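Chemist: Here the protein sequences come in this chain order: A and B. Using the numbering used here, you'd call the opening residue of the first sequence number 1 and step up by one each time. Using the numbering used here, you'd call the opening residue of the second sequence number 1 and step up by one each time. Beta carbons: idealized from backbone N, C-alpha and C, even for Gly. Just so you know, these numbers come straight off a predicted model, no measurement behind them. Sharing a structure below in structure tokens format, with a few things to ask.
Number of protein chains: 2
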Amino acid sequence: MPRPTKTLLSSLKQLVGQPASAIDTPALVVDLDAMQRNLSRMAEFCRKHEVRWRPHAKMHKSAALARLQLQAGAVGVCVQKTAEAEAMAGGGVTDVYISNEVIAPHKLARVARLAHALAAEGGQLAIAVDSREGIERLAQAMDQARRDAGSGAVIDVFVEIDVGQGRCGVPPGRPAVQLVHEIRKHPALNFAGLQAYHGKAQHIRSAAERREAIGRAATDAAFTRRLIEDEGIKVGLVTGGGTGSMVCEAASGVYGELQAGSFLFMDADYAQNERDPAQPQFEHALFVKTQVMSAGLQHAVCDAGHKSHAIDSGLPKVHDPDGTLHLDYGNGGDEHGILRPAGAGAAVPEIGRTLWLVPGHCDPTVNLHDYLVGVKGGLAEGTVDRIIRIDARGALA
Amino acid sequence: MPRPTKTLLSSLKQLVGQPASAIDTPALVVDLDAMQRNLSRMAEFCRKHEVRWRPHAKMHKSAALARLQLQAGAVGVCVQKTAEAEAMAGGGVTDVYISNEVIAPHKLARVARLAHALAAEGGQLAIAVDSREGIERLAQAMDQARRDAGSGAVIDVFVEIDVGQGRCGVPPGRPAVQLVHEIRKHPALNFAGLQAYHGKAQHIRSAAERREAIGRAATDAAFTRRLIEDEGIKVGLVTGGGTGSMVCEAASGVYGELQAGSFLFMDADYAQNERDPAQPQFEHALFVKTQVMSAGLQHAVCDAGHKSHAIDSGLPKVHDPDGTLHLDYGNGGDEHGILRPAGAGAAVPEIGRTLWLVPGHCDPTVNLHDYLVGVKGGLAEGTVDRIIRIDARGALA
Numbered sequence: 001m002p003r004p005t006k007t008l009l010s011s012l013k014q015l016v017g018q019p020a021s022a023i024d025t026p027a028l029v030v031d032l033d034a035m036q037r038n039l040s041r042m043a044e045f046c047r048k049h050e051v052r053w054r055p056h057a058k059m060h061k062s063a064a065l066a067r068l069q070l071q072a073g074a075v076g077v078c079v080q081k082t083a084e085a086e087a088m089a090g091g092g093v094t095d096v097y098i099s100n101e102v103i104a105p106h107k108l109a110r111v112a113r114l115a116h117a118l119a120a121e122g123g124q125l126a127i128a129v130d131s132r133e134g135i136e137r138l139a140q141a142m143d144q145a146r147r148d149a150g151s152g153a154v155i156d157v158f159v160e161i162d163v164g165q166g167r168c169g170v171p172p173g174r175p176a177v178q179l180v181h182e183i184r185k186h187p188a189l190n191f192a193g194l195q196a197y198h199g200k201a202q203h204i205r206s207a208a209e210r211r212e213a214i215g216r217a218a219t220d221a222a223f224t225r226r227l228i229e230d231e232g233i234k235v236g237l238v239t240g241g242g243t244g245s246m247v248c249e250a251a252s253g254v255y256g257e258l259q260a261g262s263f264l265f266m267d268a269d270y271a272q273n274e275r276d277p278a279q280p281q282f283e284h285a286l287f288v289k290t291q292v293m294s295a296g297l298q299h300a301v302c303d304a305g306h307k308s309h310a311i312d313s314g315l316p317k318v319h320d321p322d323g324t325l326h327l328d329y330g331n332g333g334d335e336h337g338i339l340r341p342a343g344a345g346a347a348v349p350e351i352g353r354t355l356w357l358v359p360g361h362c363d364p365t366v367n368l369h370d371y372l373v374g375v376k377g378g379l380a381e382g383t384v385d386r387i388i389r390i391d392a393r394g395a396l397a
Numbered sequence: 001m002p003r004p005t006k007t008l009l010s011s012l013k014q015l016v017g018q019p020a021s022a023i024d025t026p027a028l029v030v031d032l033d034a035m036q037r038n039l040s041r042m043a044e045f046c047r048k049h050e051v052r053w054r055p056h057a058k059m060h061k062s063a064a065l066a067r068l069q070l071q072a073g074a075v076g077v078c079v080q081k082t083a084e085a086e087a088m089a090g091g092g093v094t095d096v097y098i099s100n101e102v103i104a105p106h107k108l109a110r111v112a113r114l115a116h117a118l119a120a121e122g123g124q125l126a127i128a129v130d131s132r133e134g135i136e137r138l139a140q141a142m143d144q145a146r147r148d149a150g151s152g153a154v155i156d157v158f159v160e161i162d163v164g165q166g167r168c169g170v171p172p173g174r175p176a177v178q179l180v181h182e183i184r185k186h187p188a189l190n191f192a193g194l195q196a197y198h199g200k201a202q203h204i205r206s207a208a209e210r211r212e213a214i215g216r217a218a219t220d221a222a223f224t225r226r227l228i229e230d231e232g233i234k235v236g237l238v239t240g241g242g243t244g245s246m247v248c249e250a251a252s253g254v255y256g257e258l259q260a261g262s263f264l265f266m267d268a269d270y271a272q273n274e275r276d277p278a279q280p281q282f283e284h285a286l287f288v289k290t291q292v293m294s295a296g297l298q299h300a301v302c303d304a305g306h307k308s309h310a311i312d313s314g315l316p317k318v319h320d321p322d323g324t325l326h327l328d329y330g331n332g333g334d335e336h337g338i339l340r341p342a343g344a345g346a347a348v349p350e351i352g353r354t355l356w357l358v359p360g361h362c363d364p365t366v367n368l369h370d371y372l373v374g375v376k377g378g379l380a381e382g383t384v385d386r387i388i389r390i391d392a393r394g395a396l397a
């Protein structure tokens, strides 16, 4: 019998040109029209604010979508993992920034090989560091790759400072300056600037409090930059910012590049932020199509559980653009969702009924699927336009 | 450049025979010795209690591990999804039970084709139902497959009753009897028994309260069985039970088959249950290997976040068999974990340090990975013995 992973793509490809109603459930579906509007709004925002834009590909993990973003004006992509960088490069993206630390010598050898391969194609690889060990190991790997390739490729290195996230990064100020000096000891490493991403600020609901948090982050980054420049060293770029806070980084006068990625699909969690007046109005573009497979008097059960969507930022919402469904999605475990009427006039949906869920968090939801089904003309009446491979799904290392 | 998914397997295969220390991070690693002990204990338990054992393959999603369970005495496997059933059949497992409802005609056509294919190999497929629509649609699909195949294969059908889970299933008693009569109208459907799984009871911490909950479930199932038998219809089997409650179903005199699957890997959540004295002592056998990639004064950061392990049943625990580490794992987002010393004498782990995490919930953790790395001789000093493909990873539909 054929293995299901081999038959999945061929059955999906047969969907192209079919109505969206033909998509089997559960499936991860992109409203390509909404996605394109999000993309245009982001590109326009960055042009208007004269800020570079390097969207995080850890969200969509698709080289095809990365190329679409590059066409719209992105300068390159960010990734978090070496294997994600390889997937992007393998799909024709030649300007990649690993906005994260890599420590294992085996992985650093891959990083160095990729830096040489991208340089040979006229592109470039960059990476973040936050420790002396990390810098020394990276330099060793780059030196080895230089000997192997017989070429003198350089990797751009950003020093990560912790501006409030409480995760990676050295404290702002002197510790960062010390790392800059370490980087400059190694001819294959080029100090390129500061990584200053405030992940926690993305999910602060109040727009005023987000502005305060990013204001403090920008002050920390500017202070660190000045200390480095006081030593006669140029700080090429301060990079950071996500979909939740991007208007604050863009207005800061400190950040030169935004890393926002989620805007493309716009998950349920970000939609719960109080919108900053300066923020473009992004639309939900990513949906889990699901079907009711059991129905009782009080609730129905659909075929999408947390193997179909991530729940780290809350359960998905039942998409209800006309305000006629009034259904709450409750946790039904790995393979099921519990649907309960919520509000006057709401009814338990019947067996076979199709519903669309808006995931709480796009990034780990996309990582559960092998393909995105792209629909044009709306979810209800639209047509399957293309199948988009999630190249870096499961690219963990 | 080669795509990472193509290079992953070849790099993993090179690990066989290497020390466990050579496994790159993050990776999903099975302690094969612990797994084998769990398997032996389960097989012995089922022999002793004279209960059939059909482990849930939704947990490991691997045909190789299913075959291992069959060799140890399992009668077949359970799955939740049509694509999981196809993956098991594709890997040589010929007795498969979809312990869940399937409604979409497209999927039911696959179910019916699979029922015929397995019958042709001397195996069998079974499925659960909880609605008249489901039964009629299944019968239509089986009739079509009979015409297509020119054969008379039959599918075993279990009526699901809700014994406390509050998800799928009709209420115990009359509604189930009505469905039995519906099933018996169709020559391609064979009424095989009752599906009576109490998922919520698995995670009740108190052993006494678990016994109470399963006692009520068994009463409901026995009552329903008697009503059906009162109409002269044989109830071949009552099937259900998970790792949390299996000793109660085994002792009930009602359940003839246990579906427990998690015992094989034993996740952190189940380890928090008060152990019933009758329960075999299962060991943790599934681990996420991770590495420290950033370290500050107060905390360190490792390279495994919730794209490496599921968090629906809580965050993973840092494996600390010698009681020397005393580290708390905190949420660091998709790609990171925050490690904090917890307790006297504990220290922030250094950059490069390898740690092993025990996932909160095995099933959705396995579903994030493509391969399991099987180690013999212990995690610290052992050797990579084999690479096990997770055949049904992402098999959602």
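1) Would a check of beta-carbon distances place aspartate 363/A closer than 9 angstroms to chain B?
2) Determine the chain B residues that contact arginine 167/A at a beta-carbon separation under 7 angstroms, and present them in chain order.
3) Considering just the uninterrupted stretch of the alpha helix (DSSP H) at glutamine 36/A, what are its terminal residues?
4) Using only the heavy atoms of the ligand SAH, determine whether one of them is closer than 8 angstroms to the beta carbon of glycine 337/B.
5) Report the three-state DSSP secondary structure of methionine 246/A (helix, strand or coil).
6) Does the CB of isoleucine 204/A have a neighbour CB from chain B at under 9 angstroms?
7) For isoleucine 98/B, report the span of its beta strand (DSSP E) as first-last.
8) Tell me which same chain residues have a C-beta within less than 6 angstroms of the C-beta of threonine 354/A, skipping the five on either side of it?
9) Tell me whether glutamine 18/A sits in a helix, a strand or coil according to DSSP, three-state version.
10) For leucine 189/A, name the three-state secondary structure that DSSP assigns.
11) Rounded to whole angstroms, what's the CA-CA distance from proline 277/A to phenylalanine 45/A? Just pull it up for me.
12) To the nearest whole angstrom, what separates the beta carbons of glycine 360/B and serine 313/B, a pair I think is in contact under 8 angstroms?
13) Give, in chain order, every residue of the segment 227 to 251 of chain A whose Cβ lies closer than 8 angstroms to some Cβ of chain B.
14) Touching or not, the segment 151 to 159 of chain B and the segment 173 to 191 of chain B, by the rule of three or more beta carbon pairs under 8 angstroms?
15) Quick one: residues in its chain with C-beta nearer than 7 angstroms to the C-beta of proline 316/A, no 5 flanking neighbours on either side, listed in chain order?
16) Rounding to the nearest angstrom, what Cα-Cα distance links glutamine 36/A and proline 55/A in this structure?
17) Just mark proline 2/B as buried or exposed, buried being the case when its beta carbon has 16 or more other beta carbons within 10 Å.
18) Is the Cβ of lysine 81/A closer than 9 angstroms to any Cβ of chain B?
19) Apart from the five residues just before and just after alanine 64/A, which ones in its own chain have a Cβ nearer than 6 angstroms to its Cβ?
20) Give me the DSSP bridge partner(s) of leucine 372/B.
21) Based on DSSP bridge pairs, tell me the residues matched to alanine 128/A.
22) What residues from chain B crowd round aspartate 24/A, counting only those whose CB sits closer than 8 angstroms?
23) Spell out whether any CB of chain A is found under 9 angstroms from the CB atom of serine 10/B.
24) I'd like to know whether the C-beta atoms of glycine 253/A and lysine 200/A end up nearer to each other than 9 angstroms.
25) Identify every run of the beta strand (DSSP E) within the segment 336 to 371 of chain B, keeping only runs that are complete inside it and at least 3 residues long; order them along the chain.
26) Using beta carbons (cut-off 9 angstroms, strictly below), is leucine 368/B in contact with chain A?
27) To the nearest angstrom, report how far apart arginine 110/B and lysine 58/B are at their CA atoms.
28) Along chain B, which residues have their Cβ under 7 angstroms away from the Cβ of glycine 164/A?
29) In angstroms, rounded to a whole number, what distance separates the CA positions of phenylalanine 263/A and cysteine 302/B?
30) Using 8 angstroms as the cut-off, can you tell me whether the segment 330 to 341 of chain B makes contact with the segment 325 to 342 of chain A, which would need three or more C-beta pairs spanning the two stretches below that distance?
31) Check for me: the beta strand (DSSP E) holding aspartate 328/B runs from which residue to which?
32) For valine 51/B, which residues of its own chain have a beta-carbon under 8 angstroms away from its beta-carbon, when the five flanking residues on both sides are left out?
33) Hey, alanine 213/A and alanine 196/A are a contact pair by Cβ (cut 8 angstroms); roughly how many whole angstroms apart?
34) Short of 8 angstroms in beta carbon distance, which residues of its chain neighbour alanine 271/B, apart from the five on each side in sequence? Order them along the chain.
35) Could you pull out every residue in the same chain whose Cβ sits closer than 6 angstroms to the Cβ of alanine 392/B, ignoring the five residues on either side in sequence?
36) Along chain A, which residues have their Cβ under 7 angstroms away from the Cβ of aspartate 312/B?
Modeler: Quick look at the numbers:
1) Chain B contact via Cβ: present.
2) Those within 7 angstroms of arginine 167/A in chain B are Val301, Gly332, His336 and Ile338.
3) Start and end: 32 to 48.
4) No copy of the ligand SAH occurs in the structure displayed, which carries no ligand at all.
5) Collapsing the DSSP output to three states places methionine 246/A in a helix.
6) Output row for isoleucine 204/A: interface = no.
7) Annotation: the continuous beta strand (DSSP E) that includes isoleucine 98/B extends over 95 to 98.
8) Within the same chain, and ignoring the five residues on either side of threonine 354/A in sequence, the residues whose Cβ sits closer than 6 angstroms to its Cβ are Gln291.
9) Three-state DSSP puts glutamine 18/A in coil, outside helix and strand.
10) The three-state reading of DSSP puts leucine 189/A in strand, counting E and B together.
11) Straight-line Cα distance between these residues: approximately 13 angstroms.
12) The pair is a contact, with the Cβ atoms about 4 angstroms apart (cut-off 8 angstroms).
13) Identification of residues in the segment 227 to 251 of chain A having a C-beta nearer than 8 angstroms to some C-beta of chain B yields an empty set.
14) The segment 151 to 159 of chain B vs the segment 173 to 191 of chain B: in contact.
15) Taking proline 316/A as the centre and dropping the five residues before and after it, the same chain places the C-beta of Ala268, Val288, His309, Tyr329, Leu357, Val358, Pro359 and Gly360 closer than 7 angstroms to its C-beta, in chain order.
16) Taking the straight line from one Cα to the other gives about 15 angstroms.
17) In this predicted model, proline 2/B has a pLDDT of only 48, less than 50, meaning its place in the structure is not dependable enough to derive any value.
18) For lysine 81/A, a Cβ of chain B is located within less than 9 angstroms of the residue's own Cβ.
19) By the criterion of a C-beta distance shorter than 6 angstroms, alanine 64/A is surrounded in its chain by Ile388, once the five residues flanking it on both sides are discounted.
20) For leucine 372/B, which the question treats as bridged, DSSP gives the partners Ile388/B.
21) Note: alanine 128/A sits in a beta bridge opposite Phe158/A.
22) Here the neighbours are Ala104, His106, Lys107 and Ala397.
23) No, serine 10/B lies away from the interface with chain A (no Cβ there is under 9 angstroms from its Cβ).
24) When the beta-carbon positions are compared, glycine 253/A and lysine 200/A stay at least 9 angstroms from each other.
25) Qualifying beta strand (DSSP E) stretches, in chain order: 337 to 341 and 354 to 358.
26) It does; some Cβ of chain A falls within 9 angstroms.
27) Rounded to the nearest whole angstrom, the C-alpha separation of arginine 110/B and lysine 58/B is 18 angstroms.
28) Going along chain B, no residue has its Cβ under 7 angstroms from glycine 164/A, so there is no contact; the nearest lies around 14 angstroms.
29) Approximately 27 angstroms, taken between the alpha carbons.
30) The segment 330 to 341 of chain B vs the segment 325 to 342 of chain A: no contact.
31) 327 to 331 is the extent of the beta strand (DSSP E) around aspartate 328/B.
32) Apart from sequence neighbours up to five positions away, the residues of its chain that approach valine 51/B with a beta-carbon distance below 8 angstroms are Glu249, Ala250, Tyr255, Gly256, Glu257 and Leu258, ordered along the chain.
33) 12 angstroms between Cβ atoms; not a contact.
34) Around alanine 271/B: His284 and Val358.
35) The residues are Lys61, Glu84 and Ala87.
36) Near aspartate 312/B (Cβ distances below 7 angstroms), the residues of chain A are His306 and Ile311.
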